[in-house]
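Residue numbers (the UniProt record's numbering): 1 to 642.
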Amino acid sequence: MGTAPNSLGSLCLQDEAGLELHQFWPLVEIKCAVDLKFFLCSLYAPICIPDYPQPLPACRWVCERAKDGCQPLMQQYGFQWPKRMNCDKLPVYGDPDNLCMQPDNQPGPEMGDMPGHGRGPGAGGRHPGPTKRPPSGGSLFPTASPKCKPGKNGKGCDRGGASHGPPGRECACRCRHPLVQLERNSSWYNRNISVAGVENCAFPCRSVFFSQEEKDFAEVWISLWSGLCALSTFMTITTFLIDRQRFKYPERPIVFLSGCYLMVSVGFLIRVGLGHDEVACEGGMIRFSAHAHGPHNQGQGPVACTIVFLLVYYFGMASSVWWVVLTLTWFLAAGLKWGNEAIAGYSQYFHLAAWLVPTVQTVAVLVMAAVDGDPVAGICYVGNQNADNLRVFVLAPLLLYLVLGLSFLIGGFVSLFRIRSVIKQQGGMGGRSKAYKLEKLMIRIGIFSVLYAVPATIVIGCHLYESSLFTDWMTPLACQCGATPATPQRPLYSVLMLKYFMALAVGITSGVWIWSGKTLDSWRRLWARLCGRRPLGGPGGAGCGGSVLIAKPRHPHSHPRLLPMPLPPHSTGVGSSLLSAPSLHVNPHGSHGVGLGHDPGHGAPNVQSSLENIQLAISEAFAPREALGVHVRREAFVTTTI
Numbered sequence: 001m002g003t004a005p006n007s008l009g010s011l012c013l014q015d016e017a018g019l020e021l022h023q024f025w026p027l028v029e030i031k032c033a034v035d036l037k038f039f040l041c042s043l044y045a046p047i048c049i050p051d052y053p054q055p056l057p058a059c060r061w062v063c064e065r066a067k068d069g070c071q072p073l074m075q076q077y078g079f080q081w082p083k084r085m086n087c088d089k090l091p092v093y094g095d096p097d098n099l100c101m102q103p104d105n106q107p108g109p110e111m112g113d114m115p116g117h118g119r120g121p122g123a124g125g126r127h128p129g130p131t132k133r134p135p136s137g138g139s140l141f142p143t144a145s146p147k148c149k150p151g152k153n154g155k156g157c158d159r160g161g162a163s164h165g166p167p168g169r170e171c172a173c174r175c176r177h178p179l180v181q182l183e184r185n186s187s188w189y190n191r192n193i194s195v196a197g198v199e200n201c202a203f204p205c206r207s208v209f210f211s212q213e214e215k216d217f218a219e220v221w222i223s224l225w226s227g228l229c230a231l232s233t234f235m236t237i238t239t240f241l242i243d244r245q246r247f248k249y250p251e252r253p254i255v256f257l258s259g260c261y262l263m264v265s266v267g268f269l270i271r272v273g274l275g276h277d278e279v280a281c282e283g284g285m286i287r288f289s290a291h292a293h294g295p296h297n298q299g300q301g302p303v304a305c306t307i308v309f310l311l312v313y314y315f316g317m318a319s320s321v322w323w324v325v326l327t328l329t330w331f332l333a334a335g336l337k338w339g340n341e342a343i344a345g346y347s348q349y350f351h352l353a354a355w356l357v358p359t360v361q362t363v364a365v366l367v368m369a370a371v372d373g374d375p376v377a378g379i380c381y382v383g384n385q386n387a388d389n390l391r392v393f394v395l396a397p398l399l400l401y402l403v404l405g406l407s408f409l410i411g412g413f414v415s416l417f418r419i420r421s422v423i424k425q426q427g428g429m430g431g432r433s434k435a436y437k438l439e440k441l442m443i444r445i446g447i448f449s450v451l452y453a454v455p456a457t458i459v460i461g462c463h464l465y466e467s468s469l470f471t472d473w474m475t476p477l478a479c480q481c482g483a484t485p486a487t488p489q490r491p492l493y494s495v496l497m498l499k500y501f502m503a504l505a506v507g508i509t510s511g512v513w514i515w516s517g518k519t520l521d522s523w524r525r526l527w528a529r530l531c532g533r534r535p536l537g538g539p540g541g542a543g544c545g546g547s548v549l550i551a552k553p554r555h556p557h558s559h560p561r562l563l564p565m566p567l568p569p570h571s572t573g574v575g576s577s578l579l580s581a582p583s584l585h586v587n588p589h590g591s592h593g594v595g596l597g598h599d600p601g602h603g604a605p606n607v608q609s610s611l612e613n614i615q616l617a618i619s620e621a622f623a624p625r626e627a628l629g630v631h632v633r634r635e636a637f638v639t640t641t642i
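Given below as C-alpha cells:
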C-alpha cells in the first residue's frame, strides 16, 4: 500500500485518503460548487512536480468558492466546514513566493485574463508574476459589473446590469473582511442580522467606504453645525420666555419648532461628547438594536443610543408636525381671516397632534427594533442598515409633512395675493402704503418658508439617494461574481455631509424670525433687570416691560386714528397678530369701537376691515415702539380725549 503527500500536512495511505474523500462525494454529486471536486483533489491527490518536494495546493480563491457554495448546505444538516480545510492557510493567487494551482478552464481572480501571464504550474508550469489590481472603475472583463446568477448563498447578489461577459456567472457571497462574522456563541447569532443576504454577518463599527481623514472631518462637521443649531434655537427660546406676549398665533409654532431643533442638536452633541463607539457601536460592529441585550451591552452604551435616537428622531418628527401647524395657522389667518385668539383656541389640539403623532412613530420604531447605528455620524437613528425601515419610518412621514405644509402655505399666499390686489385697486397714497406693508409681510413669511422647505426637501432627497442605492453599496462587500471581484461602489461623501448639515439648518435659520430691533429691546430689558437697574424710560417710558403704545392726536379737533390695542379675553382677535388684528377707534367721547376681520355671528367677513387689520398688524410688527408716542401699562385699556 503506497503513501502520497497531501496538502493537509501529513503522509497518508491512499486507501485512507480515499475513505476520507468519500465523505464529500454527495456534495460533489449535487454540484453545490463547481470548484469542489478540483479543490478536494488538490488536497488528497495533489500534483507531483519533479524537483518540487512539497504539495502544490489550490489557490485560496478556489477554496473560498467551494466553501461559499457548499457550506450553507452542510449547515442545514448540522455539519461545519472542516477546520483542516481552512482557506486562509492557502496561498493567494499571484503570490511570487508561494505557488498554487487553479482549474485550467477558469481565469484567475485578477490576472487570468491578462495576456502574457500563465495560470500557474498547473496550466503550463510558468511562475505567475506579481498581481496588479486593475484601475479604479475598470475590470479585466469587457464590463465592470457582470450580470450575476445568485448562488446558494447569493441572495440579492444579482445586480441586473447589462453584461457582455460570460453569462450565468455565480455569485460567491460570504461574510468577507471588513464585514464582521457573528459566531455561534454571540447573542446576536440568528437575530436576522445580514449584509447582502449573508446571514449572521454585520457591518463594522465605522464606515468602510471613507478614509480616516473623511471620518475625522465628518465629526468636526457635525459638531460645528449641531453647536450652531443649539445656540440659535436657545436664543429663540430665551427670547420667547423674556417676552411671551410678543409671540402669538399664528407665528407661535415657530417657537415650538425651534425647541424641537434644540433637542435634535442636543442629541448630536451627546454623541459628540460620548464618542462614536460608545453610542453607535456594539463591540466591533455597528449597533443593530438599541434595546437588545448583547454581550457588550453593559453600562451606558444602549442607554446612550436610545437617548440619542429619541432626541434626534422624536423631536425631528415633532418639528415637521409643528411646521404643518405653522402653515395651517398662517392659512387660517390669511385665507380664512381668523383672529389670533380664535386660532389660539385650538392650541391644545395643535399640541396634541404635534406630540402624539411622533410618539406613535417612535413607539412603532422601538417595537419593530428598527433602531440602528449610523457608521458615519455615530448617532442612533432609523434605516442606517435597512433601506425598508428608512422608507417606512423616515421617508414616508417626511414627505407627507412637507406636502401638507406646502399645501397650506400656498393656500395662504393665494389669499394674501387677493387681498393685495384689492388694496391696489383702492389707489392713492393709502392704498400704496398698505400694499407695501403687506408685501413686506409676504416676503417675511416667504423667506422663512423657503428656509424650511429647501432644507427639508434636500434631506428627503438625500434619504431617497441612500435608500435607492443601499443594495448597490452593500452587495460588493459580501458578494463576488465569478472569478472577478465586484468593483466596490461607495456613497458620495458630499451627499452625506449635506444631509447632516440640512438636518440642522432649519434650527439655525429659525432665529431669522426674531432678528429685529424688538429682540434687542427685550434683551436690554432683561439685562437691566438682572443688573438691578430701572429700564430705559422709567416706569412709563420706552423700553419698560409690559407697555402698549397709543398715538396722541396733535390737537383737539384732529381725527381719530386706528391703533393696535389689546381686547378683553372674550374678543375674537388681538391686535398683536401679524396677519389679523382688530382696530380700536379712539374718539373724543371716550367710547371705542372694534372692527374685526371676521365675525362668525354676523355673516360674511368685512374685507375693508380685514385690510385695515392687516395694515395695523404690520405697523405693530415692524414699527419701533419709541416712535409711537405715549406709553401706558398693559393692564389698562385706555380711551383718551384731547
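Glycine is no exception: its CB is placed at the ideal position from the N, C-alpha and C atoms.
query	result
With a 10 Å radius around its C-beta and 16 neighbouring C-beta atoms as the bar for buried, classify glutamate 29 as buried or exposed.	exposed
Could you tell me whether the segment 255-270 touches the segment 226-241, where touching means 3 or more Cβ pairs closer than 8 Å?	yes
Three-state secondary structure (DSSP) at glycine 378?	coil
Taking all protein chains shown into account, decide if alanine 364 is buried (16 or more other Cβ within 10 angstroms of its Cβ) or exposed.	exposed
Along the chain, which unbroken stretches of the alpha helix (DSSP H) at least 4 residues long are found entirely within the UniProt domain "FZ" (1-103)?	14-22, 25-30, 36-44 and 60-76
Which residues in the same chain as cysteine 175 place their Cβ atom closer than 6 Å to its Cβ, once the five residues preceding and following it in sequence are excluded?	Gln181, Val198 and Cys201
What first and last residue would you give for the alpha helix (DSSP H) that runs through valine 414?	396-426
Identify, in the order they occur along the chain, each residue of the same chain with its Cβ nearer than 6 Å to the Cβ of alanine 172, setting aside the five sequence neighbours on each side.	Arg65, Asp68 and Gln480
Quick one: give me the first and last residue of the beta strand (DSSP E) that glycine 373 is part of.	371-373
Helix, strand or coil, according to DSSP, for glutamate 213 in the structure here?	helix
I'd like the list of long-range same chain contacts for aspartate 35, defined as Cβ closer than 7 Å, with 5 residues on each side in sequence excluded.	Val62, Arg65, Ala66 and Pro103
Excluding sequence positions up to five away, which residues of its chain have a Cβ less than 6 Å from the Cβ of glutamine 71?	Trp81
Quick check on this structure: which residue in Gln75, Asn86, Ile49 and Phe79 has the alpha carbon closest to the alpha carbon of leucine 99?	Ile49
Under the three-state reduction of DSSP, which class applies to serine 186: helix, strand or coil?	coil
So, using beta-carbon positions, are phenylalanine 240 and tryptophan 330 closer together than 8 Å?	no
Does the segment 242-261 come close enough to the segment 338-352 to have 3 or more Cβ pairs within less than 8 Å?	yes
Would aspartate 277 pass as a contact of cysteine 205 if the rule is Cβ separation under 8 Å?	yes
From alanine 342 to valine 220, what does the alpha carbon distance come to, in whole angstroms?	46 Å
Count Cβ pairs between the segment 443-454 and the segment 360-376 that sit closer than 8 Å; are there 3 or more?	no
So who's on the other strand from methionine 285, going by DSSP bridges?	Pro204 and Glu282
Can you tell me which of Tyr261, Thr238 and Phe210 puts its alpha carbon nearest to the alpha carbon of tryptophan 322?	Tyr261
If we ignore side chains and look at the alpha-carbon of each, how far apart do glycine 275 and threonine 238 end up?	29 Å
Can you give me the Cβ contacts of glycine 378 inside the same chain, cut-off strictly under 7 Å, excluding the 5 residues immediately before and after it?	Arg271, His276, Val279 and Ala280
Going by CA-CA distance only, name the one from Gly511, Leu27, Leu224 and Leu398 that's closest to tyrosine 77.	Leu27
Just list the residues that DSSP pairs alanine 172 with in beta bridges.	Gln480
Exposed or buried, what is tyrosine 500 when buried is set at 16 or more other beta-carbons lying within 10 Å of its beta-carbon?	buried
Report the CB separation of methionine 101 from cysteine 41 in whole angstroms; it is logged as a contact under 8 Å.	That belief does not hold up - the Cβ atoms of methionine 101 and cysteine 41 are roughly 10 Å apart, past 8 Å.
Which partner residues of glutamate 199 appear in the DSSP bridge assignment?	Ser194
Do you know whose CA, among Thr519, Cys531, Met474 and Leu520, lies nearest serine 207's CA?	Met474
What's the gap between the Cα of tryptophan 338 and the Cα of tyrosine 346?	12 Å
Within 10 angstroms of its Cβ, does tryptophan 25 collect 16 or more other Cβ (buried), or is it exposed?	exposed
Alpha helix (DSSP H) containing glutamine 348: first to last residue?	347-367
What are the boundary residues of the alpha helix (DSSP H) that proline 253 is part of?	253-274
With DSSP as the reference, label glutamine 245 as helix, strand or coil.	helix
Out of curiosity, what's the CA-to-CA distance linking tyrosine 465 and leucine 310?	24 Å
For glutamine 181, which beta-bridge partners are listed by DSSP?	Cys201
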